[in-house]
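Student:
Residue numbers (our numbering): 6 to 148.
Right under this line is the structure:
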């Protein structure tokens, strides 16, 4: 498998892992049962897709790469600060929407950066974008 494909798959894997971590953290704050259910549902969608991406990487003889420690730390700090200021479901939804937007931008950037990546890896990236767009749409009802 070529380097572009491997890099795109790694970035997709990392993005899914960041999303799963964020959803897990926000579920601790969510009080509305419907919001909690949506967080659980979209966390599961990211988990299933990440497993497929990990399998594709394994077929290439590669391993999934975790998100950078700096990105994780910054995301957690921002999340906790925002929740400290406004600990409610509205804030949970806003944070999730911000995360979706960052994910869409990041994955889109990598799709453009690696245009020669395999069709399969590009489809994974497009699926992440679709999941993020749908998740953001669902969160609008809680803002």
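Heads up, the beta-carbon is just placed ideally off N, CA and C, and yes, glycines get one too.
Measure the CB-CB distance between residue 58 and residue 140 and report whether it falls below 8 angstroms.
Tutor: no
Student: Rounded to a whole number of angstroms, what is the C-alpha to C-alpha distance between residue 40 and residue 94?
Tutor: 8 angstroms
Student: Within 10 angstroms of its Cβ, does residue 50 collect 16 or more other Cβ (buried), or is it exposed?
Tutor: buried
Student: To the nearest angstrom, report how far apart residue 108 and residue 137 are at their CA atoms.
Tutor: 7 angstroms
Student: Grab the span of the alpha helix (DSSP H) containing residue 52 for me, first residue to last.
Tutor: Residue range 38-64 is occupied by the alpha helix (DSSP H) that includes residue 52.
Student: If I measure Cβ to Cβ from residue 9 and keep anything under 7 angstroms in the same chain, skipping five residues before and after, which residues do I get?
Tutor: The answer, listed in chain order, is 119, 121, 122.
Student: Taking the alpha carbon of residue 23 as the reference point, which residue from 91, 116, 104 has its own alpha carbon closest?
Tutor: 104
Student: Name the residue from 7, 17, 6, 11 whose alpha carbon lies nearest to the alpha carbon of residue 114.
Tutor: The option with the nearest alpha carbon to residue 114 is 17.
Student: So, with DSSP's three-state summary, where would you put residue 33?
Tutor: coil
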